Amino acid sequence: MALTQSQPTHYELHDPDVRLMLQVRDGDAAAFTELVLRYQNRLLTVLEHLVGSREQAEDLAQDVFVRVFKARQRYEPEAKFSTWLFTIANNVASNALRSRSRRREVGVPEGNGADSAPLALDQLAKAASGFMPTRALDKAEQAEMVRHAVAALSERQRMALLLAKFEGMSYQDIAQTMGLSVQAVKSLLSRARVNLKEILTPYVERGTRPDEAESPPSGTSESQEQEQP
Amino acid sequence: MSDNHSSLSEPTTIDDEIVAYLDGELDTEAIARVERRLSEDASYRARLGQLQHAWDLLDNLRRTEADDEFVQSTVAMVAVQAEQEAKTQKMRIVRQQSLAWLTLTAAVLLSIAAGYAVLHRRMTRDDRNLVRDLPVIEHVDEYLNVEDVSFLKQLAHENLFAVEVDDGT
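Heads up: the protein sequence lines correspond to chains X and U, in order.
Numbering-wise (our numbering), the first sequence opens with residue 1 and increments by one.
Numbering-wise (our numbering), the second sequence opens with residue 1001 and increments by one.
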């Protein structure tokens, strides 16, 4: 049965955030503010762990909301609102990370709040081998260790992992958000979690962490990926 | 069974299978297979435990909370965007209206010009006809007394009335 404009879509019926966005489309400013309130923390969380900087995450999150507002008049609910929002966020973050890479290539110094380059997996794994002095891990150190481990993942692995962990997205939703096949998402998440395990398990088992003198990064694990979109 | 699950029923690696199982993305048949293996294979169980544990460690990642200014500054940015859109829209409307007036004016001017051209041509043609027929008009009284044009032509040929004939022929 073909849908007409008068018939609500599946998402309009089942997703309250879609209904809010449709109100934004109709010019309701309060509805837009409500969407910002509902999603600001979620968006900031994913973006901060993706780009490694709170300051940049805030800029990117605001960019995402402005893009949502700009797109309001042609908005059609063809997916869950969160999927659509994080699709925009993924694009915004990818562009930002790509720009950052280009700046690094030409030797442009990073501004305040920019993340240090992610540690290479091999560096972290080596640190976990036990050659470093031992110290009991406290909660803050553990959090820092996990943060470094996540930062060591490739951008796509990191994004898929963050969407799965913080947004509880299904493989289908992640695929839609990132413009990949479900199989590609499955591979991404599998590799991401294996990489995390390889880095984190030794720390957890021995309660050790790398010494403060970590080696400079030598790249991420992009070369390990063979995902097929 | 959804298409999503059917595409995941054939994992490519053990880790793919374990991770998909932990994420609840396997179909019934695959779940049964994994659970059977878990009950039989200690190393498989250990692998699952490690992957699950690493996943649980992600709970150490803090969830960011926006400060009060974030909403305000975001809404302010959007308000600026809305204002810019309104200005652009207004300029577009003014341009469209100007274009409409220009088109109307051009149409009116063209109509006037076309009408003048037609009228001018008609009047000019009438004048031209009059100029052409002037010699005849000047002697129309004499011609009305002549019954036959051939008689006039014969008179012209014999050149009896040279001065008057020039005007008529």
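Every residue gets a Cβ at the ideal spot worked out from N, C-alpha and C, and that includes glycine.
None of these values were measured; they are calculated from a predicted model.
**Request:** Measuring alpha carbon to alpha carbon, tell me which of X:62, X:52, X:14 ends up nearest residue 37 (chain X).
**Result:** Within the first sequence, the letter at position 37 stands for residue 37 (chain X). Ranking X:62, X:52, X:14 by Cα distance to residue 37 (chain X) puts X:62 first.
**Residue-chain proximity (residue 1077 (chain U), chain X), Cβ-Cβ < 8 Å** = Translated into positions along the second sequence, residue 1077 (chain U) becomes position 77. Answer yes: the Cβ-Cβ gap between residue 1077 (chain U) and chain X drops below 8 Å somewhere.
**Prompt:** Run through DSSP, which three-state label would residue 1155 (chain U) get?
**Reply:** The residue given as residue 1155 (chain U) occupies position 155 in the second sequence. Correct three-state label for residue 1155 (chain U): helix.
**Asked** Just how far apart, CA to CA, sit residue 53 (chain X) and residue 1036 (chain U)?
**Response** As a working note, residue 53 (chain X) is residue 53 in the first sequence. As a working note, residue 1036 (chain U) is residue 36 in the second sequence. Between the C-alpha atoms of residue 53 (chain X) and residue 1036 (chain U) there is a straight-line separation of about 44 Å.
**Message:** On the CB-based measure, 16 or more other CB atoms within 10 Å of its CB, does residue 1018 (chain U) come out buried or exposed?
**Reply:** Position 18 of the second sequence, counting from 1, holds the residue named residue 1018 (chain U). Per the 10 Å Cβ criterion, buried.
**Message:** Can you check whether the C-beta of residue 1084 (chain U) is within less than 8 Å of a C-beta belonging to chain X?
**Reply:** The residue given as residue 1084 (chain U) occupies position 84 in the second sequence. Closer than 8 Å: no.
**Message:** Using only the alpha-carbon positions, how far apart do residue 1130 (chain U) and residue 1109 (chain U) sit?
**Reply:** Working through the second sequence from its first residue, we reach residue 1130 (chain U) at position 130. Working through the second sequence from its first residue, we reach residue 1109 (chain U) at position 109. Residue 1130 (chain U) and residue 1109 (chain U): Cα-Cα distance of roughly 31 Å.
**Prompt:** Of all the residues that make up the segment 21-50 of chain X, which are near chain U by a beta-carbon distance shorter than 7 Å?
**Reply:** So the close ones are 32, 33, 36, 37, 40, 41, 44, 45, 48, 49.
**Item:** Contacts around residue 79 (chain X), its chain only, beta-carbon distance under 7 Å, and the 5 residues preceding and following it disregarded
**Value:** Along the first sequence, read from residue 1 onward, the residue named residue 79 (chain X) stands at position 79. Annotation for residue 79 (chain X): 11, 176 place their beta carbon closer than 7 Å to its own, counting only its chain and skipping 5 residues before and after.
**Message:** Here's the rule I'm using: 16 or more other beta-carbon atoms within 10 Å means buried, otherwise exposed. How should residue 1111 (chain U) be labelled?
**Reply:** As a position in the second sequence, residue 1111 (chain U) is number 111, starting the count at 1. Residue environment: residue 1111 (chain U) is assigned as exposed (fewer than 16 neighbouring CB atoms within 10 Å of its CB, all protein chains considered).
**Prompt:** Counting contacts by CB-CB distance shorter than 8 Å, is residue 1097 (chain U) in contact with chain X?
**Reply:** What you label residue 1097 (chain U) is simply residue 97 of the second sequence in a count that begins at 1. No, residue 1097 (chain U) does not count as interfacial toward chain X.
**Asked** Is residue 1052 (chain U) closer than 8 Å to residue 1026 (chain U) when the C-beta atoms are compared?
**Response** The sequence position of residue 1026 (chain U) within the second sequence is 26, counting from 1. The sequence position of residue 1052 (chain U) within the second sequence is 52, counting from 1. Not a contact, by the Cβ cut-off of 8 Å.
**Asked** Which full runs of the alpha helix (DSSP H) of 4+ residues lie inside the segment 134-164 of chain X, going along the chain?
**Response** Runs found: 139-151.
**Asked** If you draw a straight line from the C-alpha of residue 1126 (chain U) to the C-alpha of residue 1117 (chain U), how long is it?
**Response** Within the second sequence, the letter at position 126 stands for residue 1126 (chain U). Within the second sequence, the letter at position 117 stands for residue 1117 (chain U). Computed Cα separation, rounded: 14 Å.
**Item:** residue 1146 (chain U) classed as buried or exposed, judged by whether at least 16 other C-beta atoms fall within 10 angstroms
**Value:** Counting from one through the second sequence, the residue named residue 1146 (chain U) turns up at place 146. When all chains shown are included, residue 1146 (chain U) counts as exposed.
**Request:** Name, please, each residue of chain U whose Cβ falls closer than 8 Å to the Cβ of residue 164 (chain X).
**Result:** Counting from one through the first sequence, the residue named residue 164 (chain X) turns up at place 164. Within chain U, the residues placing a beta-carbon under 8 Å from that of residue 164 (chain X) are 1023, ordered along the chain.
**Cα-Cα separation between residue 1077 (chain U) and residue 1067 (chain U), rounded to whole angstroms** = Taking the second sequence and counting its residues from 1, one reaches residue 1077 (chain U) at position 77. Taking the second sequence and counting its residues from 1, one reaches residue 1067 (chain U) at position 67. For residue 1077 (chain U) and residue 1067 (chain U), the distance between alpha carbons rounds to 16 Å.
**Asked** Which value, in whole angstroms, describes the spacing of the CA atoms of residue 8 (chain X) and residue 85 (chain X)?
**Response** Walking along the first sequence from the start, residue 8 (chain X) turns up at place 8. Walking along the first sequence from the start, residue 85 (chain X) turns up at place 85. Cα-Cα distance, rounded: 20 Å.
**Asked** Got a sec: is the Cβ-Cβ distance from residue 69 (chain X) to anything in chain U below 8 Å?
**Response** Taking the first sequence and counting its residues from 1, the one referred to as residue 69 (chain X) is at position 69. So, interface residue.
**Request:** Answer yes or no: does any C-beta atom of chain X fall closer than 8 Å to that of residue 1027 (chain U)?
**Result:** The residue given as residue 1027 (chain U) occupies position 27 in the second sequence. No - not a single Cβ of chain X is within 8 Å of the one on residue 1027 (chain U).
**Asked** For residue 199 (chain X), does the count of other Cβ atoms within 10 angstroms reach 16, so buried, or fall short, so exposed?
**Response** Taking the first sequence and counting its residues from 1, the one referred to as residue 199 (chain X) is at position 199. Classification of residue 199 (chain X): buried, given that the 10 Å Cβ count is 16 or more.
**Asked** Would you say residue 88 (chain X) and residue 67 (chain X) are within 8 Å of each other, going by their C-beta atoms?
**Response** Taking the first residue of the first sequence as 1, we reach residue 88 (chain X) at position 88. Taking the first residue of the first sequence as 1, we reach residue 67 (chain X) at position 67. Yes, they are a contact pair.
**Request:** Determine contact between the segment 149-168 of chain X and the segment 187-199 of chain X, defined as no fewer than three beta-carbon pairs at a distance below 8 Å.
**Result:** Short answer: they touch.
**Prompt:** Under the rule that 16 or more other beta-carbon atoms within 10 Å means buried, what is residue 1055 (chain U), buried or exposed?
**Reply:** On the second sequence, position 55 is the one that residue 1055 (chain U) refers to. Buried.
**Item:** Contacts that residue 54 (chain X) makes with chain U (C-beta to C-beta distance below 9 Å)
**Value:** The residue you call residue 54 (chain X) lines up with position 54 of the first sequence. What residue 54 (chain X) touches in chain U, judged by beta-carbon distance under 9 Å, is 1064, going in chain order.
**Asked** Roughly how many whole angstroms lie between the Cα atoms of residue 1102 (chain U) and residue 1084 (chain U)?
**Response** Residue mapping note: residue 1102 (chain U) aligns to position 102 of the second sequence, counting from 1. Residue mapping note: residue 1084 (chain U) aligns to position 84 of the second sequence, counting from 1. Roughly 27 Å between the two C-alpha positions.
**Item:** For residue 45 (chain X) and residue 1065 (chain U), the rounded distance between their alpha carbons
**Value:** Here the question's residue 1065 (chain U) lines up with position 65 in the second sequence. Here the question's residue 45 (chain X) lines up with position 45 in the first sequence. Whole-angstrom Cα-Cα distance: 8 Å.
**Item:** Proximity to residue 92 (chain X) [Cα-Cα], best of X:47, X:83, X:69
**Value:** If you number the first sequence from 1, residue 92 (chain X) lands on position 92. Among X:47, X:83, X:69, the Cα nearest to that of residue 92 (chain X) belongs to X:47.
**Prompt:** Quick one: is residue 197 (chain X) buried, meaning 16 or more other Cβ sit within 10 Å of its Cβ, or exposed?
**Reply:** Here residue 197 (chain X) refers to the residue found at position 197 when the first sequence is read from its first residue. So residue 197 (chain X) counts as buried.
**chain X residues whose Cβ lies nearer than 7 Å to that of residue 1074 (chain U)** = Reading the second sequence from its first residue, position 74 is the one you call residue 1074 (chain U). Below the 7 Å Cβ cutoff, chain X contributes 36, 62, 65 as neighbours of residue 1074 (chain U), in chain order.
**Request:** Determine whether the Cβ of residue 1089 (chain U) lies closer than 8 Å to any Cβ atom of chain X.
**Result:** Sequence index remark: in the second sequence, residue 1089 (chain U) carries index 89 (1-based). Cβ-Cβ to chain X under 8 Å: no for residue 1089 (chain U).
**Request:** Note down, in chain order, every chain X residue with its Cβ under 9 Å from the Cβ of residue 1041 (chain U).
**Result:** Numbered from its first residue, the second sequence carries residue 1041 (chain U) at position 41. Close to residue 1041 (chain U), with beta-carbon spacing below 9 Å, lies no residue of chain X; the smallest spacing is near 18 Å.
**For residue 149 (chain X) and residue 141 (chain X), the rounded distance between their alpha carbons** = As a first step, residue 141 (chain X) must be located in the first sequence, where it is residue number 141. As a first step, residue 149 (chain X) must be located in the first sequence, where it is residue number 149. So the alpha carbons of these two residues sit roughly 12 Å apart.
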